[in-house]
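Residue numbers (my numbering), protein chains in the order written: chain A, 17 to 819; chain B, 1113 to 1403.
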């Protein structure tokens, strides 16, 4: 019998692709329920202060409206993430601009505009802190007025937090005292000590579809709340279930959540749906109708989460031949006003801060500071892009000091197969950063360009340069996370019916939001079962039906959930061998024949598996040591840039992305993931800046939040190395976040190569380059001087009337 | 949508005469709307003050490109796409064709009109620098008849124009007298497409040997309105671009620009950046004259 062609590594059409292309896919704003009302959020206009009064103008007939105040909340006034410091509605006090204070609903959407304008809120403002430095300064100077967050027993933050600081970590490359002693010795004996500070800005996810949900609230015959159902655009339906149980004081099985077709997420729909979902459910409870809340772009950009801004400090000791002896690294994140996911973002930043290098002695201290900015949250990369920007810019600086090329410095210090990482994790699975570096520099033409550009730049007004970044990205939840999640996957065989042949259904809570979940999980199941891709489909994501396979985050879907699907498939084969005489070597026909025999004796056929590490994975939360991630993807990205000396605009003109991601499940989707992530990374590096004023995002429009267009992007060449991993299905590892990590440092390294000037912050805009090149005596300069309150060009004023 | 559309009125009179009659009957009450690429954005974000809109989008009499011996006459309702696709404009007025090509997106270009771009009167608008440099005139029409004014006298201040409330912009007329002139235009936007200018410069020069006999410069985002840079023109007219003189000429141009430009800090850029980059663009043009 000929082997059927492998589905692993094939590129079948994506499962939901046809509906999306034909416009048949229904997103949340396409859905109407009978009697549905519309909801809106009344938000704070100041960054911090006491709410003195709320006045409802009598121009409006408020009896037509449902209004939800904190006192209406049946359970706790909390959006639960890791702890409980984040109010569902501000109760007497606001901590950031755009903080939800009241919710209103009405059958007509337009009526909400009038009502919002007729609610006046007065405040007693308090001083706020808006940067990591201001937040630190308040603590250091003991300025009680500017301590805007304190640990709290009731909120569950007493153990870890301190004033203005949500969480701190300390990572040592060995036993703490020995490492400190080793570090002291390393710095004493070092031939070179190199210090540097690097910072990154906030970034908006800019999913195409804004956040939106529809909620229903059901009551029993006595009028008591019986259950809820919230459907919407989201990544992690079980996160919203958890949030609803707290806000409504209901058991999990009474809080049903359904994911509908989701138009992009990038982390922006990981933690935030807990907020908008709880709000819509409260309005549905209050008005007795289904309630839809869909944000417009301006509200979504101003009011929802962004990538955490960061500051990383490096102090590195090296021998005279450029071997790393030791390092002290400090990472600080700006977490915004509430804890949300900052501790886990910080953890990933901490673990990625040392990069892909051997460190005899290393200490990382990290902290997430509180500021009066809307809470920052999950965004593709989740702390790693920030930390990797620091180390990979720093390595170029170190190379310069030591007198080696950036390439040679890295070659001497790369981690290798069998090495032990700074957390004590032995790297069993084969990888070869040196071979990857050789390959990608050749693919890019790096050495030829280095020589040619150096010559051409002498006379050209356009300075060209090349640079690269080497990095790793841990796939799956950090540390003990996967063990705690205890994810479950179910496979079910559907009997043939009149119009439908028998099929296999995959039941997971892993959502599709453009990245290919439906397709790759179907491939894994079909491949393992020996059936066709079209024989498999995914159950609609409804928490009343699907098990909790964990959140759809952290590059874990392919590797962790995919492996569960593979194991469930093997278990299903085993069941059929045991009970229905499925032959040892089977194919599509023998498989479905066996299922028919099974159904002759049984009603249902389903298998379920739970997470088990595929190799010893042990993590000590106290010592912060052990296996940080089940597996790592390895990558080297090369950027070519052109800096126009007339406009100070840096443009990325070619990009090569090489990564080792285990087995590539679906080459077309994988390439798309990398290209999209690189584009997003180029935006992060040289285009996208959030303009803040007193904690408020001022450029919350696509016209002045400058995301690059296709006209701004280079050719992106994607290359893969494939070394199958034991942790993922068919050998696959995670891929989704990886491409966000490399572009920032690679591009800034290339800009230094082009101009001879080293920049340490992203986003790096033409105004920043301009200020460095033309010192005009301004202390701060750059686009920090941009007046974010003025947008003269797009403002439309009333035409003047001549009387 | 941050506006309640039920609070707005949109009327679409069938003829130009009917539009003008309505403007004359209730001056200042109605705002003409053509492609809507500005006003609909304002409506969406809840900032459209004008409550009564008068559509002129469908008026064929405003959408034309007519060429005679001396000039090209462009109807105010002509879209950016019409301009991009017109061979006469491409040949005689390349700066206008270029500026139309980089406005917004293709969708914007299909709807947006030259008249709207001018009457919206943004200091950052794309087509005014070229029209100012070319010495265009504008014909304004009302029930009282028409009047033609030099385009340089149209923009009076920030979003203030010479247009009376009862008037419409009817025709933009651009002379065809630039054969043999050096022509150059460059926009520095926030990105390569769908971008608003940080600054833009449209430059024309007629050389007499190595002497600048005439020079015309129009600029975006260097002042509170689209700017014809007469100060720079005066400073450079008669100067030499001969090798020995070029550096002095460049310095004179940069100095005049620094004096004439009054750009602001706003959400897109800084005044300093705009001034210096505009000077770089001017220098780029002056050096290109030598080649």
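Ideal Cβ positions, reconstructed from N, Cα and C, are used throughout, including at glycine.
By the Cβ rule, the stretch 759-772 of chain A counts as touching the stretch 405-421 of chain A, because three or more pairs are nearer than 8 Å. With a cut-off of 8 Å on Cβ pairs, the stretch 743-759 of chain A is not in contact with the stretch 1315-1335 of chain B, counting fewer than three such pairs. Boundaries of the alpha helix (DSSP H) around residue 1231 (chain B): 1226-1232. Boundaries of the alpha helix (DSSP H) harbouring residue 417 (chain A): 400-418, taken from the DSSP string. Below the 8 Å Cβ cutoff, chain B contributes 1114, 1115, 1116 and 1158 as neighbours of residue 129 (chain A), in chain order.
In the DSSP secondary-structure assignment, residue 326 (chain A) is bridged to A:216 and A:349. Cβ atoms of residue 739 (chain A) and residue 678 (chain A) come within 8 Å of each other, at about 6 Å. Straight-line spacing of the CA atoms in residue 365 (chain A) and residue 330 (chain A) works out to 14 Å.
For residue 435 (chain A), the closest of A:336, A:127 and A:372 by C-alpha to C-alpha distance is A:372. Taken through DSSP and simplified to helix, strand or coil, residue 735 (chain A) comes out as strand.
When the beta-carbon positions are compared, residue 482 (chain A) and residue 466 (chain A) come within less than 9 Å of each other. Of all residues in the stretch 668-680 of chain A, none has a C-beta nearer than 8 Å to a C-beta of chain B. The shortest C-alpha to C-alpha distance from residue 424 (chain A) to any of A:387, A:392 and A:463 is the one to A:463.
Closer than 9 Å at the C-beta level to chain B, one finds no residue of the stretch 155-173 of chain A. In terms of beta-carbon proximity, residue 1401 (chain B) stays away from the interface with chain A, with every pair separated by 9 Å or more. Against residue 728 (chain A), the close residues of chain B are 1303 and 1304, in the order they occur along the chain (beta-carbon pairs closer than 7 Å).
When rounded, the separation of the alpha-carbon atoms in residue 721 (chain A) and residue 1306 (chain B) is 11 Å. Closest in alpha carbon position to residue 205 (chain A), among A:717, A:334, A:103 and A:621, is A:334. By the CB criterion at 9 Å, residue 610 (chain A) and residue 592 (chain A) fall inside the cutoff. The stretch 553-570 of chain A makes contact with the stretch 244-259 of chain A, as at least three CB pairs between them are under 8 Å. In this structure, residue 1311 (chain B) lies near residue 1390 (chain B), with their beta-carbon atoms less than 9 Å apart.
Within the stretch 1376-1398 of chain B, contact with chain A at the beta-carbon level (separation under 9 Å) is assigned to 1376, 1377, 1378, 1379, 1380, 1381, 1382, 1383, 1384, 1385, 1388, 1389, 1392, 1393, 1395 and 1396. Here residue 1205 (chain B) is near residue 1242 (chain B), since their CB atoms are less than 9 Å apart.
Per DSSP, residue 272 (chain A) lies in no alpha helix (DSSP H); the unbroken beta strand (DSSP E) holding it starts and ends at 271-275. Residues of chain A whose Cβ lies closer than 7 Å to the Cβ of residue 1300 (chain B) are, in chain order, 663.
In the assembly as shown, residue 444 (chain A) is an exposed residue. Its beta-carbon has fewer than 16 other beta-carbons within 10 Å. For residue 1209 (chain B), no Cβ of chain A is located within less than 9 Å of the residue's own Cβ. In chain order, 1379 and 1380 make up the part of chain B whose C-beta sits under 7 Å from the C-beta of residue 720 (chain A).
Residue contact with chain B for residue 700 (chain A): absent (no Cβ-Cβ distance below 9 Å to any residue of chain B). Pairing residue 249 (chain A) with residue 1286 (chain B), the inter-Cα distance amounts to about 52 Å. DSSP places residue 1137 (chain B) in the uninterrupted alpha helix (DSSP H) bounded by 1128-1137. The beta carbon of residue 459 (chain A) sits no closer than 9 Å to any beta carbon of chain B.
Of A:238, A:203, A:130 and A:280, the smallest CA-CA separation from residue 36 (chain A) is found for A:280.
Straight-line spacing of the CA atoms in residue 669 (chain A) and residue 352 (chain A) works out to 35 Å. In chain order, 1149, 1224 and 1306 place their CB closer than 7 Å to the CB of residue 1216 (chain B), counting only its own chain and leaving out the 5 sequence neighbours on each side.
Listed in chain order, the non-local C-beta contacts of residue 154 (chain A) below 7 Å within the same chain comprise 145, 162, 163 and 180, local neighbours out to five positions each way being set aside.
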